[in-house]
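Report on the following structure.
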Amino acid sequence: MSAIVDIIGREIIDSQGFPAIECDILLESGILGRASISSKFLIKKNETLESCKYINTEISEAIMGFSSNEQFFLDYTLTNLSKNKSQFIKNALLSVSIAIAKASSNELGLPLYRYISGSREISIPVPIFGITNTNNKICFNELGIKEFMIIPIGASSFKEAIHYGIKVIKIFKKILFIKKNIKNKFSYDHKNLEKTEKIIKYILQAIKKSGYEAGKQIAIGLDFSSNKYYKNNFYQLNENLKLNSIQMINLLISLCNKYPIISIKDGIAENDLEGKKYLNKELKNKIQLIGKNLFFNNNKIFLKNMKKNINNSILIKLNQYNTLTEILKNIEKIKKFGYNIIISCDINTTEDSSIIDITLGANASQIKINSIFFQENIIKYNQLLRIEEDLGEFYNYSGKNIFSI
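Going by my numbering, the first residue of the sequence shown is number 145, and it counts up by one from there.
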């Protein structure tokens, strides 16, 4: 394997028009690895330039000349160098780490997902599609739900799942146009829709008109983002609706009993641990209860939270981490507890499709890429379609089995 002979960090623009970091790793053989990552943190003035300078000087000096296949050592070096640095600068290191892995896989003539997975059997993840969303601080349905999702659980392949999702989303758009005169073709902000159950019924109507069966072929997911509403041991969902923990849990259970809901994210607030335990006890064998991976960097906190039995699934965003090694190690730890793993893009993303290879290489069961109508997301969906085609019969599709919780 060739030595690293050049490292370039540069500023690019992400899908929301914010600065992002791209890194090139050039090997002695002439092979190039390139990766970019958007930031999950607010960016201060000049922070992008500082990150580029940091990559082009300190990071470059530390790893130049080493073989690119020494991923673990190089990532360890990056982590040590990032101590006492701002989180955005640490976050920029992920582009360096992934670029190193891409350079190595390119030189070996291997797809990045195969370089990561080794000889392990590949599983294709189930896609999760956001069908309505709001980026506002206050959600405009009475229960404060941030996002309504559809999950094509009955599809036999990723390709079929994509067709399920596109068809339902397009028909849902037509329903909104007829019912509410909503014309935005890209993202269906539900602030103009009235009640939670009415939104769910519109979704069910779209599923039926698409020729699919709700609950068997396509199920519903909800993102409550309940942390926003939990204060002083109560959930203030709107001006007229204030619930205690038990009432909130009963509301969630009632929705799941009434509708084909198979996944709930952040239904109970992070600080309401007793509520989380109770909800998990009631629903963990019926639906997917997704928590954020808030304890990814501290092993003691990680183990403590895992043992509390407060979720059965975890959502991971790559830019929570500093290196590829950290991502893969953390996913392996989570798997030991039997959790479902969902890897998700941020709203602000770049055209880099490495998230697809990392999802496959880490054998995550689901992926959420955001709106299928934006080019930077289409790139990722299409990459996964190509990989599925290339694998032929030599892969497993995660499918409905992952929801037999």
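Think of the CB as a built atom: it goes at the ideal place given N, C-alpha and C, for glycine as much as any other residue.
Secondary structure at residue i, three-state DSSP: helix, strand or coil?
i, result
"phenylalanine 210", "coil"
"glycine 161", "coil"
"phenylalanine 538", "coil"
"phenylalanine 368", "coil"
"asparagine 336", "Because asparagine 336 sits at a pLDDT of 40, beneath the cut-off of 50, its placement in the model cannot be relied upon, and the point is left open."
"glutamate 166", "strand"
"leucine 385", "strand"
"serine 554", "Any property of residue 554 remains undetermined from this structure, which presents the chain solely from 145 to 549."
"tyrosine 373", "coil"
"phenylalanine 113", "Residue 113 is absent from the model: the chain starts at 145 and stops at 549."
"serine 239", "helix"
"lysine 473", "helix"
"serine 407", "strand"
"glutamine 361", "coil"
"phenylalanine 273", "strand"
"leucine 462", "helix"
"glutamate 172", "coil"
"glutamate 495", "coil"
"isoleucine 412", "coil"
"isoleucine 516", "coil"
"glycine 309", "helix"
"alanine 147", "strand"
On the DSSP letters alone, give me the boundaries of the beta strand (DSSP E) that residue i sits inside.
i, result
"lysine 137", "Residue 137 is absent from the structure shown; the chain starts at 145 and stops at 549."
"isoleucine 260", "From DSSP, isoleucine 260 is part of no beta strand (DSSP E) but of the alpha helix (DSSP H) over 256-261."
"tyrosine 379", "378-382"
"isoleucine 181", "176-181"
"phenylalanine 292", "291-295"
"asparagine 484", "484-488"
"lysine 452", "Run containing lysine 452: none; DSSP gives neither H nor E here."
"phenylalanine 511", "Contrary to the premise, residue 511 reads as isoleucine rather than phenylalanine in this sequence. Taken as a continuous stretch (DSSP letters only), the beta strand (DSSP E) holding isoleucine 511 covers 510-512."
Is the CB-CB distance between residue i and residue j below 7 Å?
i, j, result
"isoleucine 344", "phenylalanine 547", "no"
"leucine 468", "tyrosine 257", "no"
"isoleucine 169", "alanine 247", "yes"
"isoleucine 485", "isoleucine 478", "yes"
"tyrosine 541", "isoleucine 268", "yes"
"isoleucine 471", "isoleucine 362", "no"
"isoleucine 207", "leucine 225", "no"
"aspartate 367", "glutamate 291", "yes"
"leucine 181", "asparagine 463", "Note on identity: in this sequence residue 181 is isoleucine, with leucine being the wrong assignment. Contact flag set, yes."
"leucine 535", "isoleucine 500", "no"
"leucine 287", "leucine 427", "no"
"serine 195", "alanine 236", "yes"
"isoleucine 272", "lysine 544", "no"
"lysine 420", "isoleucine 412", "yes"
"isoleucine 460", "isoleucine 487", "yes"
"isoleucine 165", "serine 239", "yes"
"asparagine 96", "serine 515", "Nothing can be reported for residue 96: it is not among the residues displayed for the chain, which extend from 145 to 549."
"asparagine 394", "threonine 223", "no"
"isoleucine 315", "lysine 353", "yes"
"asparagine 200", "glycine 153", "yes"
"tyrosine 373", "methionine 392", "no"
"isoleucine 364", "cysteine 400", "no"
So is the beta-carbon of residue i under 6 Å away from any non-hydrogen atom of the ligand MN?
i, result
"isoleucine 499", "Absent from the structure shown: the ligand MN. Ligands present: none."
Starting from residue i, trace the alpha helix (DSSP H) both ways and give me its first and last residue.
i, result
"phenylalanine 547", "Per DSSP, phenylalanine 547 belongs to no alpha helix (DSSP H) and is neither H nor E."
"glycine 435", "It is not in any alpha helix (DSSP H) - glycine 435 instead sits in the beta strand (DSSP E) that spans 432-436."
"lysine 420", "417-427"
"asparagine 200", "First-last for asparagine 200: undefined, no H or E at that position."
"asparagine 507", "It is not in any alpha helix (DSSP H) - asparagine 507 carries neither H nor E in the DSSP assignment."
"tyrosine 220", "215-225"
Please report the Cβ distance between residue i and residue j, rounded to the nearest whole angstrom; I am assuming they are in contact, meaning their Cβ atoms lie under 8 Å.
i, j, result
"phenylalanine 210", "isoleucine 148", "6 Å"
"isoleucine 109", "tyrosine 539", "Summary: the structure shown does not reach residue 109, with the chain confined to residues 145 through 549, and so no result is reported for it."
"serine 263", "proline 255", "About 14 Å; that fails the 8 Å criterion."
"isoleucine 289", "threonine 340", "6 Å"
"glycine 298", "lysine 360", "5 Å"
"alanine 350", "isoleucine 397", "Incorrect: roughly 25 Å between the Cβ atoms, too far for contact."
"lysine 303", "glutamate 532", "6 Å"
"aspartate 416", "serine 389", "6 Å"
"serine 146", "glutamate 214", "Incorrect: roughly 12 Å between the Cβ atoms, too far for contact."
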